[in-house]
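One structure is given here, and the rest of the page talks about it.
Numbering (UniProt numbering), first residue to last: 1 to 535.
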């Protein structure tokens, strides 16, 4: 029997099912390419306008702005010796040379023994500024060295800029944005995320993280993905383009407040240098008390002589001996929670304790670090706080809240712990209300801990100045905001038994501002920390 083969598609019983099968496979391949796990399903929606209404500019009548070129300063008194307090008076003036009659200007004031803008050798000290709210300001310096002191009075921000921050920036929600990944069964979707306080309409949002004990009325939201579920949330990373666009929108016509002849500009109408006579200051320094919590700092915190910081607040010794550091921390768990400002403490502390140590693990991008020192039974831990502003993808479970960690310390562990907190570096884009509420909730957790463990040392590192590469960063990471957040920290934790570590003057006096201060500064900070916990 001869078998006949079909050259064309056969119309028999297998023809149409076979054609249907081929089409199904083709459509499946197309669908997989469209929404495969390696491809972003939905781009982050770009919000083109948050507030369409144009707000009045603070630059109207800009001749009234505080002018660095016209403002003056003078020394009160003429004779100064080592150990004295130098008193200067600043008179703020506008660009027409008229005296300002209200306060609010923000000043950086530094004396240095070397010429130049940011010397890092010789003597350096920062002044304490008193705003008289009438256009004049008193500046007080402790003079800690003999010879010449060059005077640096800088208008860090005019009162119009600080007013803009307080009234037009701090109260506004949604100023920092993240992009999240949602890992569904067949796709990875991205969505826009933000923090918001007292948000009422959430029908189109995923409530990704809301911890009332740590965040109060503020929660972390993401726009709902098209296909994936809210439960499929995986990672989050900051969206710098959205942050910049939002900042531009809020600035509108007020950009010149943060980029011009009157922003971060030195005053020149005053004595460029002063002379300091001889007098021993050794007695004054050695009379400083031991480091204790809840003590108000002196007007001036200290001064630099080359790489050494001389404290006026309390006695601080050098901790360069490995055996002494290990003996101090024997059988302790040093728990550091915050950002890279105290992760640098962790790294330097590890060096001061020396080898050998057992490495217990490091999380992605060093969000979590653990070490154990067998001989001295010392454990050290570092955890990054939640809502990290970073381009790296972060898993939420790697950044626990301070409140949860403190609440999980049991009474039978009281003698083991030393706590370090640094909760400010990534929060200048939060509203003032959200930041203040978060700090109040952290204070309540500290008080609960102290009820169980009254003798556990708790150290809170304060704020300091930083670099600003452009106008937008000068707004969303403003030094004035950092200074104000530092005041919130001090006021919130006053009377709680927390040792508030005010590093503003130390950092300002050292040299060029940087969010990550150099090793000399970190070393002095860690010496201060050890001098307190090892009393």
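The beta-carbon is built from N, C-alpha and C at its ideal position, and this holds for glycine as well.
Since the structure is predicted, the reported quantities are computational estimates derived from the model, not experimental observations.
For residue j and residue i, the rounded distance between their alpha carbons
{"i": "residue 139", "j": "residue 454", "result": "38 Å"}
{"i": "residue 193", "j": "residue 259", "result": "29 Å"}
{"i": "residue 346", "j": "residue 451", "result": "27 Å"}
{"i": "residue 147", "j": "residue 85", "result": "15 Å"}
{"i": "residue 492", "j": "residue 184", "result": "43 Å"}
{"i": "residue 129", "j": "residue 90", "result": "10 Å"}
{"i": "residue 509", "j": "residue 97", "result": "30 Å"}
{"i": "residue 340", "j": "residue 382", "result": "10 Å"}
{"i": "residue 45", "j": "residue 490", "result": "Reliability fails at residue 45, whose pLDDT of 41 lies under 50, so the model's placement of it is uncertain and no value is given."}
{"i": "residue 466", "j": "residue 116", "result": "19 Å"}
{"i": "residue 125", "j": "residue 507", "result": "10 Å"}
{"i": "residue 269", "j": "residue 471", "result": "26 Å"}
{"i": "residue 231", "j": "residue 173", "result": "25 Å"}
{"i": "residue 171", "j": "residue 251", "result": "14 Å"}
{"i": "residue 43", "j": "residue 234", "result": "Because the pLDDT of residue 43 is 41, which lies under 50, any placement of that residue in the model is unreliable, and the number read from its coordinates should be weighed accordingly. Between residue 43 and residue 234, the C-alpha separation is close to 16 Å."}
Delimiting residues of the beta strand (DSSP E) encompassing residue i
{"i": "residue 88", "result": "85-91"}
{"i": "residue 497", "result": "Here residue 497 belongs to no beta strand (DSSP E), and DSSP marks it neither H nor E."}
{"i": "residue 237", "result": "233-238"}
{"i": "residue 472", "result": "Note, residue 472: premise wrong, no beta strand (DSSP E); alpha helix (DSSP H) at 471-476."}
{"i": "residue 275", "result": "273-276"}
{"i": "residue 130", "result": "128-131"}
{"i": "residue 95", "result": "Where residue 95 is concerned, there is no enclosing beta strand (DSSP E), given that its DSSP letter is neither H nor E."}
{"i": "residue 74", "result": "72-76"}
{"i": "residue 614", "result": "The chain is shown from 1 up to 535; residue 614 falls before or after that span and cannot be answered."}
Collapsed DSSP secondary structure at residue i in the structure displayed
{"i": "residue 536", "result": "Outside the modelled stretch of the chain, which goes from 1 to 535, sits residue 536, for which no answer is possible."}
{"i": "residue 410", "result": "coil"}
{"i": "residue 397", "result": "helix"}
{"i": "residue 531", "result": "helix"}
{"i": "residue 481", "result": "helix"}
{"i": "residue 265", "result": "strand"}
{"i": "residue 290", "result": "coil"}
{"i": "residue 209", "result": "strand"}
{"i": "residue 178", "result": "strand"}
{"i": "residue 521", "result": "helix"}
{"i": "residue 355", "result": "coil"}
{"i": "residue 328", "result": "helix"}
{"i": "residue 456", "result": "coil"}
{"i": "residue 305", "result": "strand"}
{"i": "residue 338", "result": "strand"}
{"i": "residue 203", "result": "coil"}
{"i": "residue 113", "result": "coil"}
{"i": "residue 244", "result": "helix"}
{"i": "residue 380", "result": "strand"}
{"i": "residue 107", "result": "strand"}
Pick from the options that is closest to residue i, judged by C-alpha positions
{"i": "residue 501", "options": "486, 511, 509 and 512", "result": "486"}
{"i": "residue 435", "options": "399, 482, 420 and 155", "result": "482"}
{"i": "residue 426", "options": "114, 384 and 295", "result": "384"}
{"i": "residue 326", "options": "338, 307, 349 and 339", "result": "349"}
{"i": "residue 397", "options": "340, 236 and 223", "result": "236"}
{"i": "residue 375", "options": "323, 360 and 387", "result": "323"}
{"i": "residue 155", "options": "429, 72, 301 and 447", "result": "72"}
{"i": "residue 135", "options": "103, 210 and 303", "result": "103"}
{"i": "residue 262", "options": "513, 68, 514 and 475", "result": "68"}
{"i": "residue 457", "options": "373, 300 and 292", "result": "292"}
{"i": "residue 226", "options": "204, 519, 252 and 532", "result": "204"}
{"i": "residue 515", "options": "395, 475 and 468", "result": "468"}
{"i": "residue 387", "options": "377, 209 and 413", "result": "209"}
{"i": "residue 180", "options": "393, 488 and 443", "result": "393"}
Own chain, CB closer than 8 Å to residue i, minus 5 neighbours either side, in chain order
{"i": "residue 441", "result": "213, 214, 215, 216 and 403"}
{"i": "residue 177", "result": "192, 193, 194, 238, 239, 242, 243 and 246"}
{"i": "residue 66", "result": "92, 93, 94, 100, 105, 155, 158, 159, 160 and 262"}
Residue i: CB within 6 Å of a non-hydrogen atom of the ligand SAH
{"i": "residue 321", "result": "The ligand SAH is not among the ligands present in this structure, which contains no ligands whatsoever."}
Continuous alpha helix (DSSP H) stretch holding residue i: start and end
{"i": "residue 316", "result": "First-last for residue 316: undefined, no H or E at that position."}
{"i": "residue 197", "result": "Not the alpha helix (DSSP H): residue 197 falls in the beta strand (DSSP E), residues 188-197."}
{"i": "residue 570", "result": "With the chain running from 1 to 535 in the structure shown, residue 570 is simply not present."}
{"i": "residue 508", "result": "504-510"}
{"i": "residue 164", "result": "159-164"}
Neighbourhood of residue i by C-beta distance below 7 Å, restricted to the same chain and skipping five residues each side
{"i": "residue 298", "result": "312 and 313"}
{"i": "residue 534", "result": "328"}
{"i": "residue 276", "result": "80, 81, 82, 143, 145, 146, 147 and 149"}
{"i": "residue 122", "result": "112, 113, 114 and 306"}
{"i": "residue 478", "result": "165 and 428"}
{"i": "residue 400", "result": "383"}
{"i": "residue 422", "result": "338, 339, 341, 342 and 461"}
Proximal residues to residue i (C-beta, below 6 Å), its chain only, five neighbours per side dropped
{"i": "residue 523", "result": "none"}
{"i": "residue 437", "result": "216"}
{"i": "residue 531", "result": "291, 316 and 317"}
{"i": "residue 448", "result": "none"}
{"i": "residue 289", "result": "314"}
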